[in-house]
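> There's a structure below that I have some questions on.
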Amino acid sequence: MFTRHTITDKVAFALVAFFLGELGDGLNIFQGIYLVALGWNEGSVGIALSMMGFTALLTQTIAGDIIDKTTFDRRKFLAMAALMTAFSASAILFVQEGNVDHALMYVTKIIEGVSSSFIGPCVAALTLASFGPDSFDEVMASNILWGHVGSIVSAVLAGLTAWITY
Numbered sequence: 105m106f107t108r109h110t111i112t113d114k115v116a117f118a119l120v121a122f123f124l125g126e127l128g129d130g131l132n133i134f135q136g137i138y139l140v141a142l143g144w145n146e147g148s149v150g151i152a153l154s155m156m157g158f159t160a161l162l163t164q165t166i167a168g169d170i171i172d173k174t175t176f177d178r179r180k181f182l183a184m185a186a187l188m189t190a191f192s193a194s195a196i197l198f199v200q201e202g203n204v205d206h207a208l209m210y211v212t213k214i215i216e217g218v219s220s221s222f223i224g225p226c227v228a229a230l231t232l233a234s235f236g237p238d239s240f241d242e243v244m245a246s247n248i249l250w251g252h253v254g255s256i257v258s259a260v261l262a263g264l265t266a267w268i269t270y
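Last residue of the sequence shown: 270 in our numbering, with the numbers rising by one and none dropped.
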């Protein structure tokens, strides 16, 4: 039923995991620092970031169930979830210094929490469908590793960018 996969398939999954790691893990830390630099107090930043985490906590089980039961192409689902997460994270570019209206960030953090809840289940479903149950653990471990590497690279690049531009 499952064919032997080439290194290219594993590399493709590693690349996806790498860039998803850049998108998800380290982004909120830098957004929080940026918002404080714009004049937000730490409490407002904490509320915004907590809204994302709490929303993700509430929706992740539902997202996994939807991914398991859907007939929609999970690759497209993953692409949509990643794009929605990226676009909602990009809303920070519209926050101006001294802005006291936090609604934009609160709403986009809720959207980001919901959309990011679909990423993990999509990757797991695609891994299982592509590699089968015998290779699932190995490939998922590789995905997680490359996601963390992506987070580290993102943090280093952000630090270098800040160091060079400031």
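Think of the CB as a built atom: it goes at the ideal place given N, C-alpha and C, for glycine as much as any other residue.
Nearest-angstrom Cα distance between Ala-229 and Ser-148?
In a straight line, the C-alpha of Ala-229 is about 36 Å away from that of Ser-148.
> If I'm right that Ser-221 touches Ala-160 with Cβ under 8 Å, what's the distance once you round it to whole angstroms?
That pair is a contact at about 5 Å.
> Among the residues of its own chain, which have a CB less than 8 Å from the CB of Leu-153, if the five just before and after it don't count?
Beyond the five residues adjoining it in sequence on each side, Leu-153 comes within less than 8 Å, by CB distance, of Asn-132, Gln-135, Gly-136 and Lys-213 in the same chain, given in chain order.
> Below 8 Å CB to CB, which residues in the same chain sit around Leu-119 once its five sequence neighbours on both sides are set aside?
Counting only Cβ-Cβ distances below 8 Å, and skipping sequence neighbours, we find Trp-250.
> Can the beta-carbon of Val-227 be found less than 7 Å from the beta-carbon of Thr-163?
no
> For Val-260, is the classification buried or exposed, using 16 other Cβ atoms within 10 angstroms of its Cβ as the cut-off for buried?
The residue in question, Val-260, is exposed, as its Cβ has fewer than 16 Cβ neighbours within 10 Å.
> Taking 8 Å as the threshold, find out whether the stretch 174–193 comes into contact with the stretch 236–248 through three or more Cβ pairs.
no
> Quick check on Val-199: buried or exposed, where buried means 16 or more other Cβ atoms within 10 Å of its Cβ?
buried
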